[in-house]
Amino acid sequence: MRMSELSRRSGVPVATIKYYLREGLLSPGRQTSATQAEYDDQHLRRLRLIRALTGVRGLSVATTREVLDALAAHPGDPHVLLGLALGSVSLSGDSPAPDPAAGEVEALVEELGWRVHEAAPARATLAGALTSLHSLGVPVERHTLLAYARLAERVAAVDLDQLDGLTDPLESAERALLLTVLLEPALMALRRMAQENESARRHTP
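The letter at position 9 of the sequence shown is residue 29 when you use our numbering, and the numbering goes up by one with no holes.
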């Protein structure tokens, strides 16, 4: 396909595609003349993933390039691939500064039997949230946190079920990223609606 068709099918403007080509995020097409090139479905999939990483995850072009390079280094490992696309794997490998609730998070992970890398950014996010709740005098009881974690397990299973049957790594990464990031507001909305319904069930005739 020509660049114009690539732009139409991907939803990315031609000028932006040319920019991605200059920056090395997108590989050159097959030259058919001095000024023309042909692109294939692999270019389309990569372009869609670039759009998802920059537009949905909000990554910079430089960080997007790092993610794409890391993906290329692990083409046959879907676990690492999904972690890189979703940001659950740290590109730098650096661990964040210890949080007061880090031990609580570690104990929770061990109790659940979860396999979560020690440098996973989500660990620090959870620890920070727990520390904030403690500081405000609203600590989350252990049994409550476990209940939330079990619900999260069920959500994660539904998430990964939607990737079954996808064989192209770039398509899997894009789908996982879109389903995770774009569905999070929907999940929050469902939680709010469920809370309203539960409140009505408990407190209204």
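The C-beta atom is built at its ideal place from N, Cα and C for all residues, glycine as well.
By the Cβ-count criterion, P189 is buried, with 16 or more other Cβ atoms from all chains shown falling within 10 Å of its own Cβ. The three-state secondary structure of E138, taken from DSSP, is coil.
The beta carbon of L101 lies closer than 7 Å to those of L91, H94, P189, S192, A193 in the same chain, with the five residues before and after it left out. Taking the Cα positions, Q215 is about 20 Å away from P159. Where H63 is concerned, the enclosing alpha helix (DSSP H) starts and stops at 61-71. The region 24-32 makes contact with the region 58-67, as at least three CB pairs between them are under 8 Å. R50 carries a strand assignment under DSSP once its states are collapsed to helix, strand and coil. The region 166-175 and the region 35-50 do not touch, with fewer than 3 CB-CB distances between them shorter than 8 Å.
Between V76 and L180, the gap from beta carbon to beta carbon reaches 8 Å or more. Counting only the Cα atoms, D60 lies some 46 Å from L128.
In the DSSP assignment, G123 falls within the alpha helix (DSSP H) that extends over 122-132. Counting only the Cα atoms, G123 lies some 31 Å from E86. Taking C-beta atoms as the reference points, A121 and L150 count as a pair closer than 8 Å. Here the alpha carbons of A54 and A209 stand approximately 52 Å from one another.
Ranked by how close their Cα comes to the Cα of P98, the residues A144, T187, V136, T52 have T187 in first place.
For a cut-off of 8 Å, the C-beta gap from P48 to A57 is around 7 Å, short enough to register as a contact. Annotation: V32 to L202 spans about 18 Å, alpha carbon to alpha carbon. Closest in alpha carbon position to A144, among A82, R135, E126, L69, is E126.
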